[in-house]
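Here this note's numbering = 1-based position in the sequence shown + 888. I have placed the structure first, in the form of C-alpha cells, so that the comments after it can refer back to it.
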Amino acid sequence: MAPQHDPVRRTGRIMWILVWGLSLLLLTWYFNQRLMQENNPNQQVRVLGTDTVVLEQNRHGHYLASGTINSQPVVFLLDTGATRMAVPQALAARLELPAGRALTLSTAAGQVTGYRTHIKSLSLGPFTLYDLDAVIMPSQSDEVLLGMNALRHFELVQRGEQMTITYLAPAP
C-alpha cells in the first residue's frame, strides 16, 4: 500500500520554502542598500544654507554625490584632476547627449578617444549650472566625473572625511 501524502505537511513545507525565500530576498535587498550607501553616502546631499553643501567620503576615500544632468538622475564623482566633465558612453546614450567631434584624451589608463558634448544643465543639491562642455568617454563606470570646468564655480574645503562645497557667486 502506497503511503498517503499528508496535505498539512505538504503545506507546511511550502510555507517554510516561502519563508526562506522571502528571508533571502530581504537580506539581499538590505545588503544591497548598505553597499550602495557605503559607495555613495551622499545620495541625499546635506545642504547648509543656500550656498553650501557637505559631502561625506565613501569607503574608498572618494566623494560621490547624487544629482542630475538635463533633469535626469546621475551620480557624480568629484575629480579635481579632470579638466572637463566626463560622461561614460552608456550613460551619455541614456541621457541622449549628442556626440560631437572626436578627440584624443589622456587618462590615468592611457590615451582614449572621446567625443565632445554639451550639457544644458547640471544640478547638485541646491546648485544648478548651465551650458557646460563635457566629453563622452569609453568607460564601464556609472559615475560622471565632475571636472574643474564645473568645480571652478565652487570653493572646496576638505576636513577629515568631509568636503564642504560653497558656491562662488559670479563677480559683477
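The beta carbon of each residue, even a glycine, is placed where N, CA and C say it ideally should be. The structure displayed is predicted, hence computed values, not measured ones.
Can you tell me where the alpha helix (DSSP H) holding leucine 1039 begins and where it ends? 1036-1039
Residue from Ile1007, Glu944, Leu966, His950 whose Cα sits closest to the Cα of isoleucine 957: Ile1007
Which residues DSSP lists as bridging alanine 974, in chain order: Val1023, Leu1033
Could you check the C-alpha separation between threonine 995 and alanine 974 for me, to the nearest Å? 11 Å
C-alpha distance - leucine 991 paired with valine 907, whole-angstrom precision: 55 Å
Would you say valine 962 and asparagine 928 are within 8 Å of each other, going by their C-beta atoms? no
Determine contact between the stretch 975-986 and the stretch 929-947, defined as no fewer than three beta-carbon pairs at a distance below 8 Å. no
If you follow the beta strand (DSSP E) that glutamate 1043 is part of, which residue opens it and which one closes it? 1042-1047
Can you list, in chain order, the residues of its chain with a C-beta nearer than 7 Å to that of methionine 1036? Leave out the 5 residues immediately preceding and following it. Excluding positions up to five away in sequence, the list reads Thr968, Ala970, Thr971.
Output the distance between the C-alpha atoms of threonine 940 and histidine 1041, rounded to the nearest integer angstrom. 12 Å
With a threshold of 8 Å on Cβ separation, who are the neighbours of aspartate 1021 within its own chain once the five nearest residues in sequence on each side are excluded? Arg972, Met973, Arg1004, Thr1005, His1006, Ile1007, Asn1037
Work out the CA separation of tyrosine 951 and serine 911 for me, nearest whole Å. 33 Å
Secondary structure at leucine 966, three-state DSSP: helix, strand or coil? Strand.
I want to see whether chain C comes within less than 8 Å of histidine 948, judged by CB atoms only; does it? No chain C appears in the structure shown, which is made up of a single protein chain.
Decide if serine 959 is buried, meaning its Cβ has at least 16 other Cβ atoms within 10 Å, or exposed. exposed
Reduced DSSP secondary structure (H/G/I, E/B, other) of alanine 1057: coil
Report buried or exposed for alanine 953, applying the criterion of at least 16 other Cβ atoms within 10 angstroms of its Cβ. buried
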